[in-house]
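**Q** Okay, handing you the structure first.
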Amino acid sequence: MLENVAQKIADATSDVISHNVLITDKHGIVLGSSDLSRIGTLHQASLGIIFSRKEKTHNENVSKTMVGVKPGITLPINLSGELIGTIGITGNPGEVKRFGMLAKKYAELFLREELLNKKEFLKEKILQNLVQEIASYNSNFSHNEILLLTRGKELGLDLNISRVVLVIDLFQFNSFISDVLKNNLLKDSPEMYIQSIKLQIEEKIREVFYRNQDFSVSLESDKYIVFCVVSKTDGEVEIYEEVYAKCIQFLENIKEIGIEASVGIGRVGSDLKSLHNAYYTAWEALRIGKKLNKTPKIYYINHYIIEELFSYVHQEFSENYINHTLKELKQLSNFDEMFQTIIVWCETNFSVVKAAKQLNIHRNTLLYRLEKLSELTGKDLKDFKSAVSLYIAIKLHILNS
7 MLENVAQKIA DATSDVISHN VLITDKHGIV LGSSDLSRIG TLHQASLGII FSRKEKTHNE
67 NVSKTMVGVK PGITLPINLS GELIGTIGIT GNPGEVKRFG MLAKKYAELF LREELLNKKE
127 FLKEKILQNL VQEIASYNSN FSHNEILLLT RGKELGLDLN ISRVVLVIDL FQFNSFISDV
187 LKNNLLKDSP EMYIQSIKLQ IEEKIREVFY RNQDFSVSLE SDKYIVFCVV SKTDGEVEIY
247 EEVYAKCIQF LENIKEIGIE ASVGIGRVGS DLKSLHNAYY TAWEALRIGK KLNKTPKIYY
307 INHYIIEELF SYVHQEFSEN YINHTLKELK QLSNFDEMFQ TIIVWCETNF SVVKAAKQLN
367 IHRNTLLYRL EKLSELTGKD LKDFKSAVSL YIAIKLHILN S
């Protein structure tokens, strides 16, 4: 690990104290140095430090008697109670001695943070693999279940308790990243800025979904999966209200950092088979919701049961039905407006007052539109079956587009 970050530590420390700095491994070999020519060489003074585990200064006379050593000070670097190398500062020993402990503590702090980051990275990768295995779980193979449950336990997770799966889709986040990279003069480090935003988003997720058995992972650059624990004794309404409130809180929290998102809420999973299904219903809720809405919202799969059923319709049959039913309407220049009129008309239970209000038009305008639609399609929009046949065709058209 030290080998991977030694040069970073040497450069950063040297910038702060304005003296050349080198980092060695526990065999005294230079891994990083302000003077690049010293990398890979022996720093003999480090061998004594590794043996004694104590700092030591070496003046010009002493330095001349050792291989690869210049006047200065050398100190041990410890990580988790283990000596892993040394840090040396070049200069007048009397002058650089005051920087010794500062440089040592900085190097050890840097390494601890790197170790923590590595652990977090590995944990994230393990969680991502776990989620992928839940996604591909096949209940026909019992050994898969045993393996998955074991992996969950190793992470402190019980995969047989009730959870709702959420998919968070950051709104236009890839465009946001592109804009940041294009305008990199506005940021000291665009990549670091983007990473800090992602870390803030992950922190906002943990602030809301904080229960011991809640867990979340990032997928792609703009999506997150959350497994939110719910009470198995609560009914569907209570569960939805609880999860919806958490989603609202999360969306409000990320607005503080200028980010918007859509959230797909799936069904409850209380074992691996139902958790697998819950995972896909969350994605389906997001897919359907985004098709039917232009702005980011919270989409609950049980609010789209009809649309979910449509997704199982064979593609060829679906296209034939759409073309046959909507042939005349699709030729209109304002077909989007007419489609919306039919959808609202059906979803307000054929109420002229409610439909006109939702469409924000006068009731006479609505009646005129319905009459025109009946003429064009040959279907009576006040007849349930006729209206619903158009409604189904329009929904299929939107979901397939």
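Using the numbering used here, the first residue of the sequence shown is number 7, and each one after it goes up by one. Even glycine gets a Cβ: it sits at the ideal position worked out from N, Cα and C.
Within the continuous alpha helix (DSSP H) that includes Thr96, where are the two ends?
**A** Taken as a continuous stretch (DSSP letters only), Thr96 belongs to no alpha helix (DSSP H), being part of the beta strand (DSSP E) at 88-96.
**Q** Where DSSP assigns a beta bridge to Tyr306, which residues make up the other side?
**A** For Tyr306, which the question treats as bridged, DSSP gives the partners Ile271.
**Q** For Tyr143, is the classification buried or exposed, using 16 other Cβ atoms within 10 angstroms of its Cβ as the cut-off for buried?
**A** Result: buried.
**Q** Which class does Leu373 belong to by DSSP, given the choice of helix, strand or coil?
**A** Helix, per DSSP.
**Q** Out of His64, Lys111, Glu114, Val359, which has the shortest C-alpha to C-alpha gap to Thr96?
**A** The shortest Cα separation from Thr96 among His64, Lys111, Glu114, Val359 belongs to His64.
**Q** Run through the region 237-289 for me and flag every whole alpha helix (DSSP H) of 4 or more residues, listed as ranges in chain order.
**A** As far as the region 237-289 is concerned, its whole alpha helix (DSSP H) runs of at least 4 residues are 242-261.
**Q** Would a C-beta distance cut-off of 7 angstroms place Ser395 and Leu387 closer than the cut-off?
**A** No, they are not a contact pair.
**Q** In three-state terms, what does DSSP make of Ile231?
**A** Here Ile231 sits in strand by DSSP.
**Q** Can you look up Phe356 in the DSSP assignment and give me helix, strand or coil?
**A** Three-state result, Phe356: coil.
**Q** Classify Ser39: buried if its beta carbon has 16 or more other beta carbons within 10 angstroms, exposed otherwise.
**A** Flag for Ser39 reads buried.
**Q** Secondary structure at Phe221, three-state DSSP: helix, strand or coil?
**A** Here Phe221 sits in strand by DSSP.
**Q** Give a yes or no on contact between the region 270-278 and the region 167-187, applying the rule of three or more CB pairs nearer than 8 angstroms.
**A** A contact exists between the region 270-278 and the region 167-187.
**Q** Could you name the residues of the same chain whose beta carbon sits closer than 8 angstroms to that of Ser20, not counting the 5 residues immediately before and after it, in chain order?
**A** Excluding residues within five positions, the ones whose Cβ falls inside 8 angstroms are Asn26, Val27, Ser40.
**Q** Nearest by alpha-carbon distance to Val223: which of Leu122, Gln134, Glu322, Lys391 is it?
**A** Selected option, being the one with the closest Cα: Gln134.
**Q** Taking the beta carbon of Met7 as the centre, do at least 16 other beta carbons fall within 10 Å, making it buried, or is it exposed?
**A** It is exposed - the Cβ of Met7 has fewer than 16 other Cβ atoms within 10 Å.
**Q** Please specify which runs of the alpha helix (DSSP H), each continuous and at least 4 residues long, are wholly inside the region 58-143, giving them in chain order.
**A** Counting whole runs of 4 or more residues, the region 58-143 contains the alpha helix (DSSP H) stretches 66-70, 99-141.
**Q** Enumerate in chain order the residues of its own chain whose CB-to-CB distance from Lys238 is below 7 angstroms, with the five nearest sequence positions on each side excluded.
**A** Around Lys238: Ser168, Ser276.
**Q** Could you name the residues that DSSP lists as bridge partners for Gly38?
**A** According to DSSP, which records beta bridges pairwise, Gly38 is partnered with Ile29.
**Q** Assign Ala291 to buried or exposed, taking buried as 16 or more other Cβ atoms, counted over all protein chains shown, within 10 Å of its Cβ.
**A** So Ala291 ends up on the buried side.
**Q** Apart from the five residues on each side of it in sequence, which residues of its chain come closer than 6 angstroms, Cβ to Cβ, to Val236?
**A** Correct list, in chain order: Ser168, Val170, Ile245.
**Q** Please list the terminal residues of the continuous alpha helix (DSSP H) segment that includes Asp389.
**A** No alpha helix (DSSP H) holds Asp389; DSSP gives it neither H nor E.
**Q** Helix, strand or coil, according to DSSP, for Asp342 in the structure here?
**A** Of the three classes helix, strand and coil, the one that applies to Asp342 here is helix, per DSSP.
**Q** Using three-state DSSP, classify Leu379 as helix, strand or coil.
**A** Of the three classes helix, strand and coil, the one that applies to Leu379 here is helix, per DSSP.
**Q** DSSP state of Val350, grouped into three classes?
**A** Helix at Val350.
**Q** Is Val22 buried or exposed, if buried means 16 or more other CB atoms sit within 10 Å of its CB?
**A** Exposed, since its Cβ has fewer than 16 Cβ neighbours within 10 Å.
**Q** Can you grab the Cα-Cα spacing for the pair Thr383 / Thr354, in whole Å?
**A** C-alpha separation (whole angstroms): 21 angstroms.
**Q** Using the rule of at least 16 other Cβ atoms within 10 Å of the residue's Cβ for burial, across every protein chain shown, is Thr80 buried or exposed?
**A** Looking at its Cβ environment, which holds 16 or more other Cβ atoms inside 10 Å, Thr80 is buried.
**Q** Find out if the Cβ-Cβ distance for the pair Asp220, Phe179 is shorter than 7 angstroms.
**A** No, Cβ-Cβ distance for Asp220 and Phe179 is not below 7 angstroms.
**Q** Tell me the residue span of the beta strand (DSSP E) that contains Asp175.
**A** Element bounds for Asp175: 169-176.
**Q** Buried or exposed, going by whether 16 or more other CB atoms sit within 10 Å of the CB of Leu163?
**A** Leu163 should be labelled buried.
**Q** Anyone know if the C-beta pair for Pro77 and Phe177 falls short of 7 angstroms?
**A** Cβ atoms of Pro77 and Phe177: not closer than 7 angstroms.
**Q** Note the first and the last residue of the continuous alpha helix (DSSP H) segment covering Glu334.
**A** No alpha helix (DSSP H) contains Glu334, which DSSP labels as neither H nor E.
**Q** Using 7 angstroms as the threshold, is the C-beta distance between Leu402 and Ile328 below it?
**A** For Leu402 and Ile328, yes; Cβs fall inside 7 angstroms.
**Q** Between Val137, Val68, Lys210, Lys70, which has its C-alpha nearest Leu225's C-alpha?
**A** Out of Val137, Val68, Lys210, Lys70, Val137 has the C-alpha closest to the C-alpha of Leu225.
**Q** Out of Ala284, Gln13, Lys32, His49, state which residue places its alpha-carbon closest to the alpha-carbon of Leu42.
**A** It is Gln13.
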